[in-house]
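Undergrad: Take 0 as the starting number for the sequence shown in numbering that gives the first Met the number 0 and just add one per residue.
A virtual CB, placed ideally from N, CA and C, is assigned to each residue, including glycine.
The structure is given below, and queries will be raised subsequently.
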Amino acid sequence: MALLGLLLVVALLSYATYTYTSEFVPARGGVFVEGVAGNPQYINPVLCQYNEVDRDLCALIFNGLLRFDQRGELQPDLAESWEVSPASDVFTFTLRPDARWHDGLRITADDVIFTVELMQDPGLQVLPDLAVLWRSVIARKIDDRTVVFQLSEPYAAFPDYTTVRWFGVLPKHYWQRYKPRELARAQLNTQPIGSGPFRVTEIDSQHIRLEPVSREFEQPPYLDALEFRFYPDYQSILVAAEQGEVHGVSRILPEYIGRAEAMTDLQLFTSPMPGFTLLLFNLESANAPFLADPIIRQAIAHGIDRERLLQDVIPGAGMLADSPILPESWAHNPDTPSYEYDPGKAQALLEQAGWVDTDNDGIRELDDRPLEFILLSDDAPHSLLVNQAIASDLARIGVRAITQPVSFTGLVSDFLVPRNFSAALVNWELIGDPDPYPLWHSSQISPAGQNYSGWNNRQADIAMEQARITTDRDSRRDLYYEFQKLFAQDLPAILLYYPLYTYGVSTAVNDVEVGRINEPAERFRTFADWYTQLRKVTLSERRTLEFDNLER
Numbered sequence: 000m001a002l003l004g005l006l007l008v009v010a011l012l013s014y015a016t017y018t019y020t021s022e023f024v025p026a027r028g029g030v031f032v033e034g035v036a037g038n039p040q041y042i043n044p045v046l047c048q049y050n051e052v053d054r055d056l057c058a059l060i061f062n063g064l065l066r067f068d069q070r071g072e073l074q075p076d077l078a079e080s081w082e083v084s085p086a087s088d089v090f091t092f093t094l095r096p097d098a099r100w101h102d103g104l105r106i107t108a109d110d111v112i113f114t115v116e117l118m119q120d121p122g123l124q125v126l127p128d129l130a131v132l133w134r135s136v137i138a139r140k141i142d143d144r145t146v147v148f149q150l151s152e153p154y155a156a157f158p159d160y161t162t163v164r165w166f167g168v169l170p171k172h173y174w175q176r177y178k179p180r181e182l183a184r185a186q187l188n189t190q191p192i193g194s195g196p197f198r199v200t201e202i203d204s205q206h207i208r209l210e211p212v213s214r215e216f217e218q219p220p221y222l223d224a225l226e227f228r229f230y231p232d233y234q235s236i237l238v239a240a241e242q243g244e245v246h247g248v249s250r251i252l253p254e255y256i257g258r259a260e261a262m263t264d265l266q267l268f269t270s271p272m273p274g275f276t277l278l279l280f281n282l283e284s285a286n287a288p289f290l291a292d293p294i295i296r297q298a299i300a301h302g303i304d305r306e307r308l309l310q311d312v313i314p315g316a317g318m319l320a321d322s323p324i325l326p327e328s329w330a331h332n333p334d335t336p337s338y339e340y341d342p343g344k345a346q347a348l349l350e351q352a353g354w355v356d357t358d359n360d361g362i363r364e365l366d367d368r369p370l371e372f373i374l375l376s377d378d379a380p381h382s383l384l385v386n387q388a389i390a391s392d393l394a395r396i397g398v399r400a401i402t403q404p405v406s407f408t409g410l411v412s413d414f415l416v417p418r419n420f421s422a423a424l425v426n427w428e429l430i431g432d433p434d435p436y437p438l439w440h441s442s443q444i445s446p447a448g449q450n451y452s453g454w455n456n457r458q459a460d461i462a463m464e465q466a467r468i469t470t471d472r473d474s475r476r477d478l479y480y481e482f483q484k485l486f487a488q489d490l491p492a493i494l495l496y497y498p499l500y501t502y503g504v505s506t507a508v509n510d511v512e513v514g515r516i517n518e519p520a521e522r523f524r525t526f527a528d529w530y531t532q533l534r535k536v537t538l539s540e541r542r543t544l545e546f547d548n549l550e551r
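And the structure:
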C-alpha cells in the first residue's frame, strides 16, 4: 500500500510538473478557406488582367522576373539580378539557377522569350497598353539564364512591367502546343503549371484548392492548404463569414465595413492601395464647355467637403488625396498645393468668372446658360454615395451636378474612351513606378490613350517626357515635383481619396499580418506564419523550437 501511494504521488507530481512547465505552440495542419467574389476564367498570367479572382490566383501560382516589396520597390523574383543601360533602353535579366516549374523542370530563358512572343502576338487579347509596350520590345536570349530586352525608345519604368501582375512567365513546354488564338480555350487555363508559392490540386465550379510549394517558403507553412470558395458578390461572402463557412473575406467594401466591425469573431486588416479616386473633368466637353476654365474647376474643388465624405459618407474607404503621385512614392511632393473645403472661396471664384444666380433658383447662370453638368459614376453602392455627396456639396455653391450611375464596363467603353462625358467619378489603380505619362501626357488624348480629360500642358509634358528617360532618381524626383505643381494649378481632375483595402479574417486564425500591400493578392505574404491548430510542448521543447527558428 505504501509503495502504491508513493507511485501515485510521483505520478501526480510528474503530471503537475508537465502541466505547469508546458505550453501550447502552433501545430501543422488545417486549411484556410476564403470567400472570393466571382469565378476564375483564365489562371494564366497572359490573360488574367481582366478578372480579380484570376489576378489573385496568378500572383500565387506564377512568378514574374521581378516583384514588388512592401515599400513598392522592385526585388528579384525569377531573376536574381538585372542591369539597365545608361540610356534606359536596354535591360538585361539573369535568371536564378534554382528557379523551377512545379513539375520540377528548370525555368530558362526560352520560357521568358516564349512569353514575350505571346504578349506580342496580335491574336491574343492582352490589355491594349501592355500589347503596345511589349510589341516595341526585342527580346534576345544570351544563354539559358540571360535575357536582354531592347526597347524602341528609353523607358525608365520598364522593369515594373516584368512583375507577375503584367508579365507572369509561362512554361513553354506546356503552352507551345497551342497557337496564340487558341490560348483562351486551353484546358491549362484551369489546370495551370506555374512556379510560384502555390500549386493547384483541386478545382471545380465551387472552389479551388492551392497547396504550398515548400521550396518557395523560407520555412514550411503551418497550414496544409489555401482554399478559395466562389460567391456571386462580396455581400454573400460576408454572410458566409457570419455563418462560419469561411475564414477569410477577400475584400470588405466600404458599404459593409460597419457590419464587419460588428462581427466579434472577425479581425479586420486595412492597407492603403496604390491608386486614387478622383473627379475627372472632360476639358473638351461640348455639353459643359465651362469646365475648360481652370477657375471653374478650382471653385468646384473648394466646394467639395472631402473630409466629411471620408468621415461620414464612406468611413473607412480611403485617405485624403491631393496628388496624382501616391504619398508612399519616392516621387510624391508633400508640398503639392491642396484645395481645402471653402464654400465662400468657391462662390467668390465663380462670381469672378461671371457666374451668378440671377433668377434666384439656386443655380448660377452665365448668358442664360445654367452652371450644370452630368456627373457619371459606376453603379457600386459606395460610388453612388460619393456622387450624391458631391452633388449635394456643389448645390450649396450654385452648381448643379446631375448624378448618373452606369455599369463599370459602360463607364469605360461608352463614356471615357469615346470622351463622351463632362465629369466622372473614376477609380484608378497605380502599381509600381510613379510615371504619370499614360494618364496625363497630351499624346495620350488620342483614342488609344487614357488621358480622358484631354489635359494638354506643354510644361507638364516635358517634365513627364524627361522623367521617362532619366535613370537618376533624384533628377526624376525633381521632374515629378514640377509635374505635380502644374497638375495642381491646372486641376484637370480633383483628387478625392487614396482607397483603402480592408481584409477580414476569422479570429480562429492566428498570427495573420497584412501590412502595406501593392495589390490584394499580397495579403498572403505572411501565409507561412498563419495557423489554426495548437499542440502542447514542454518548455525545453519550446526552447528548441525557438532556437531552430532563430537558426532559419
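1) Kindly indicate which three-state DSSP category residue 18 falls into: helix, strand or coil?
2) Compute the Euclidean distance between the alpha carbons of residue 162 and residue 48, then round it to the nearest angstrom.
3) Tell me the DSSP bridge mates of residue 80?
4) Where residue 219 and residue 247 are concerned, what is the direct C-alpha to C-alpha distance, given to the nearest angstrom?
5) Does residue 125 come out as helix, strand or coil in the three-state DSSP assignment?
6) Cutting at 6 Å between CB atoms, please list the residues of its own chain near residue 553, excluding the five before and the five after it.
7) Could you give the residue range of the beta strand (DSSP E) that holds residue 318?
8) Comparing C-alpha positions only, which one of 194, 429, 430, 420 sits nearest to residue 101?
9) Is it buried or exposed, residue 334, if we count other Cβ atoms within 10 angstroms and call 16 or more buried?
10) List the endpoints of the continuous alpha helix (DSSP H) containing residue 458.
11) Is residue 302 buried or exposed, if buried means 16 or more other CB atoms sit within 10 Å of its CB?
12) Reducing DSSP to helix, strand and coil, say where residue 178 ends up.
13) Quick one: residues in its chain with C-beta nearer than 7 Å to the C-beta of residue 313, no 5 flanking neighbours on either side, listed in chain order?
14) Taking C-alpha atoms, which residue in 516, 171, 206 lies nearest to residue 38?
15) Quick one, which of 338, 355, 99, 160 has its alpha-carbon nearest residue 44's?
16) Do residue 215 and residue 196 have their CB atoms nearer than 8 Å?
17) Keeping to the same chain, check which residues put their C-beta closer than 6 Å to that of residue 18; ignore five residues upstream and five downstream.
18) In three-state terms, what does DSSP make of residue 289?
19) So, residue 517 versus residue 67, is the Cβ gap smaller than 8 Å?
20) Cutting at 7 Å between CB atoms, please list the residues of its own chain near residue 351, excluding the five before and the five after it.
21) Under 8 Å, Cβ to Cβ, is there at least one residue of chain C near residue 239?
22) For residue 62, does the three-state DSSP call read helix, strand or coil?
23) Is it right to say residue 506 is buried, meaning 16 or more other beta carbons lie within 10 angstroms of its own, or is it exposed?
24) So residue 93 and residue 72 are supposed to be a Cβ contact under 8 Å. How far apart are they, rounded?
25) Check each candidate in 139, 116, 515 and name the one with the smallest Cα separation from residue 129.
26) What would DSSP say about residue 100, mapped onto helix, strand or coil?
27) Can you list, in chain order, the residues of its chain whose CB lies under 7 Å from that of residue 280, leaving out five sequence neighbours each side?
28) In terms of residue numbering, what span does the alpha helix (DSSP H) encompassing residue 114 cover?
29) Which residues bound the alpha helix (DSSP H) around residue 198?
30) Using DSSP's beta-bridge definition, name the partner residues of residue 494.
31) What do you reckon, are the CB atoms on residue 221 and residue 502 nearer than 8 Å?
32) What are the residues that DSSP puts in a beta bridge with residue 226?
33) Return helix, strand or coil for residue 188, following the three-state DSSP convention.
34) Can you give me the C-alpha to C-alpha distance between residue 123 and residue 309, rounded to a whole angstrom?
35) Please classify residue 412: is it buried, with 16 or more other beta-carbons within 10 angstroms of its beta-carbon, or exposed?
36) Can you tell me the Cβ-Cβ gap for residue 158 and residue 497, rounded? I've got them flagged as a contact below 8 Å.
TA: Reading from the atomic positions:
1) Annotation note: pLDDT 48 at residue 18 (below 50); position unreliable, coordinate value reported separately. It is helical.
2) 13 Å
3) 93
4) 21 Å
5) coil
6) Past the boundaries of the shown model lies residue 553; the chain is included only from 0 to 551, so the question cannot be answered.
7) 317 to 319
8) 194
9) exposed
10) 457 to 467
11) buried
12) coil
13) 253, 381, 384, 385
14) 206
15) 160
16) yes
17) Confidence at residue 18 is low in this model, with a pLDDT of 48, below 50, so the placement of that residue should be treated as unreliable; the coordinate-derived value is given next. There are no such residues.
18) helix
19) yes
20) 294
21) No chain C appears in this structure, which consists of one protein chain only.
22) coil
23) When all chains shown are included, residue 506 counts as exposed.
24) Their Cβ separation, rounded to whole angstroms, is 19 Å, which puts residue 93 and residue 72 out of contact at 8 Å.
25) 116
26) coil
27) 290, 296, 422, 452, 491, 492
28) 108 to 119
29) Careful: residue 198 lies outside any alpha helix (DSSP H), inside the beta strand (DSSP E) at 197 to 202.
30) In the DSSP output, where bridge partners are listed per residue, residue 494 has 277.
31) no
32) 32, 208
33) helix
34) 41 Å
35) exposed
36) At roughly 24 Å, the Cβ-Cβ gap does not stay under 8 Å, so residue 158 and residue 497 are not in contact.
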